[in-house]
Amino acid sequence: MCPGISTSNFASERESVRTCVVVAEERPRVALCAAFSKLFAPLGLNSRAVSTSFGCRVNTAICMQGAASPDPATVYVDARALRNDRVTLVEKGAPHSIALMESGKLLPGVEVVIANPETRGQCADSHLGEIWVACSHNAVGYFTLYGEEASLHIDHFNARLSTGDTLKRFARTGYLGFLRRTQSITADGELHDAVFVVGALDEALIAVFTWTHLLVVVAETESAESEALDLVPAITSAVLEEHYLIVGVVVIVDPGVVPINSRGEKQRMHLRDAFLKDMLDPIYVAYNM
Numbered sequence: 001m002c003p004g005i006s007t008s009n010f011a012s013e014r015e016s017v018r019t020c021v022v023v024a025e026e027r028p029r030v031a032l033c034a035a036f037s038k039l040f041a042p043l044g045l046n047s048r049a050v051s052t053s054f055g056c057r058v059n060t061a062i063c064m065q066g067a068a069s070p071d072p073a074t075v076y077v078d079a080r081a082l083r084n085d086r087v088t089l090v091e092k093g094a095p096h097s098i099a100l101m102e103s104g105k106l107l108p109g110v111e112v113v114i115a116n117p118e119t120r121g122q123c124a125d126s127h128l129g130e131i132w133v134a135c136s137h138n139a140v141g142y143f144t145l146y147g148e149e150a151s152l153h154i155d156h157f158n159a160r161l162s163t164g165d166t167l168k169r170f171a172r173t174g175y176l177g178f179l180r181r182t183q184s185i186t187a188d189g190e191l192h193d194a195v196f197v198v199g200a201l202d203e204a205l206i207a208v209f210t211w212t213h214l215l216v217v218v219a220e221t222e223s224a225e226s227e228a229l230d231l232v233p234a235i236t237s238a239v240l241e242e243h244y245l246i247v248g249v250v251v252i253v254d255p256g257v258v259p260i261n262s263r264g265e266k267q268r269m270h271l272r273d274a275f276l277k278d279m280l281d282p283i284y285v286a287y288n289m
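Just so we're aligned: 266 in UniProt numbering is position 266 of the sequence shown, and the numbers increase by one with no gaps anywhere.
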């Protein structure tokens, strides 16, 4: 659960522990937070001391829960609506409902907008979109960028909305989520906005490259081997309908096969080399689509 932390070494330090902030590049797991609190409760850790925070490569401190803050809000949303990029609140226990715990409330000086990752327009309150952040402690770039990767600097750290405030510069987090006004009061009397992180923009990793004039799509899946074949027509149809391109080869692989660098970017050239050297160990390969 938490590498490096054990009940024995925690017990010796519990007197000095006031808060335990879980910083993650994902949405808070309700069951995981509850299990953590339960594990260390016999050692004197108050469940109120455990809080969540969302941070990522472009900004490590976007929101946070304070020990004196109210309990983090949990909302229930329709999973079917989320698949269509809409946020529809439902009652607990409703069909197709899933629980989402807030990652935290925005820190002072942090501005967050929810943007459509394709059109870059600002999303309405009921829509799911990419979390963009503007504040003084945003990262300003990546270290040692070369070649075509250098252009990513502008896109990641100096993105602008196509609607609304088109002059302000934002950093793109690469995570989908939404904002929700809470009843918590800030120091200046305003109501807090809470960030709800749903997942990574590219949570199911798919990468493409060309090979002998053919478009190759490599897709990761956690599904059973028997279901891998069903992904092939879904992928080819989606690429044709959305991008008007014909896929030549579809490769279905296990999670973790698509190489990712330290900045979270797909390394397509390394993936292409592994494909050409037959080193991917695929679940299924479909040629001549």
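Where is the CB? At the ideal position from N, CA and C, for every residue including glycine. Since the structure is predicted, the reported quantities are computational estimates derived from the model, not experimental observations.
Count the other CB atoms, across all protein chains shown, that sit within 10 Å of the CB of residue i; report buried if there are 16 or more and exposed otherwise.
i           : result
residue 83  : exposed
residue 232 : buried
residue 229 : exposed
residue 221 : buried
residue 156 : buried
residue 239 : buried
residue 171 : buried
Compute the beta-carbon to beta-carbon distance between residue i and residue j, rounded to the nearest angstrom, for a pair I have assumed lies under 8 Å.
i           : j           : result
residue 254 : residue 283 : 7 Å
residue 106 : residue 61  : At roughly 10 Å, the Cβ-Cβ gap does not stay under 8 Å, so residue 106 and residue 61 are not in contact.
residue 290 : residue 114 : Residue 290 falls outside the range modelled here, since the chain spans only 1 to 289, and no answer is possible.
residue 174 : residue 27  : That belief does not hold up - the Cβ atoms of residue 174 and residue 27 are roughly 14 Å apart, past 8 Å.
residue 37  : residue 45  : 7 Å
Out of curiosity, what's the CA-to-CA distance linking residue i and residue j?
i           : j           : result
residue 294 : residue 286 : Not covered by the structure: residue 294. The range shown for the chain is 1 to 289.
residue 126 : residue 54  : 21 Å
residue 193 : residue 177 : 13 Å
residue 271 : residue 169 : 32 Å
residue 57  : residue 266 : 15 Å
residue 246 : residue 288 : 10 Å
residue 22  : residue 121 : 31 Å
residue 136 : residue 59  : 10 Å
residue 165 : residue 226 : 48 Å
residue 47  : residue 112 : 28 Å
residue 32  : residue 242 : 37 Å
residue 24  : residue 118 : 25 Å
residue 224 : residue 109 : 46 Å
residue 280 : residue 92  : 42 Å
residue 41  : residue 35  : 10 Å
residue 237 : residue 244 : 9 Å
residue 95  : residue 278 : 44 Å
Counting only the same chain and skipping the five closest in sequence on each side, list residues whose C-beta sits under 7 Å from that of residue i.
i           : result
residue 88  : 77, 78, 81
residue 207 : 218, 258, 266, 268, 271
residue 123 : 114, 115, 116, 129
residue 140 : 157
residue 90  : 76, 77, 78, 97
Near residue i, which residues of its chain fall below 8 Å by C-beta distance, leaving aside the five closest residues on each side in sequence?
i           : result
residue 104 : 51, 52, 53, 54, 62, 63, 64, 65, 72, 194, 195
residue 128 : 82, 85, 86, 87, 114, 176, 177, 178, 198
residue 30  : 74, 99, 101
residue 211 : 248, 249, 272, 275, 276
residue 138 : 58, 59, 157, 171
residue 256 : 220
Can you find the residues in the same chain that come closer than 6 Å, C-beta to C-beta, to residue i, ignoring five residues on each side of it along the sequence?
i           : result
residue 20  : 49, 50
residue 209 : 216, 268, 272
Kindly indicate if chain D contains any beta-carbon less than 7 Å away from that of residue i.
i           : result
residue 219 : Protein chains in the displayed structure number just one, and chain D is not present.
Tell me whether the region 204-217 and the region 239-252 touch, counting them as touching only if at least three CB pairs, one residue from each stretch, are closer than 8 Å. yes
So does the region 158-175 actually touch the region 120-136, counting three or more Cβ pairs closer than 8 Å? yes
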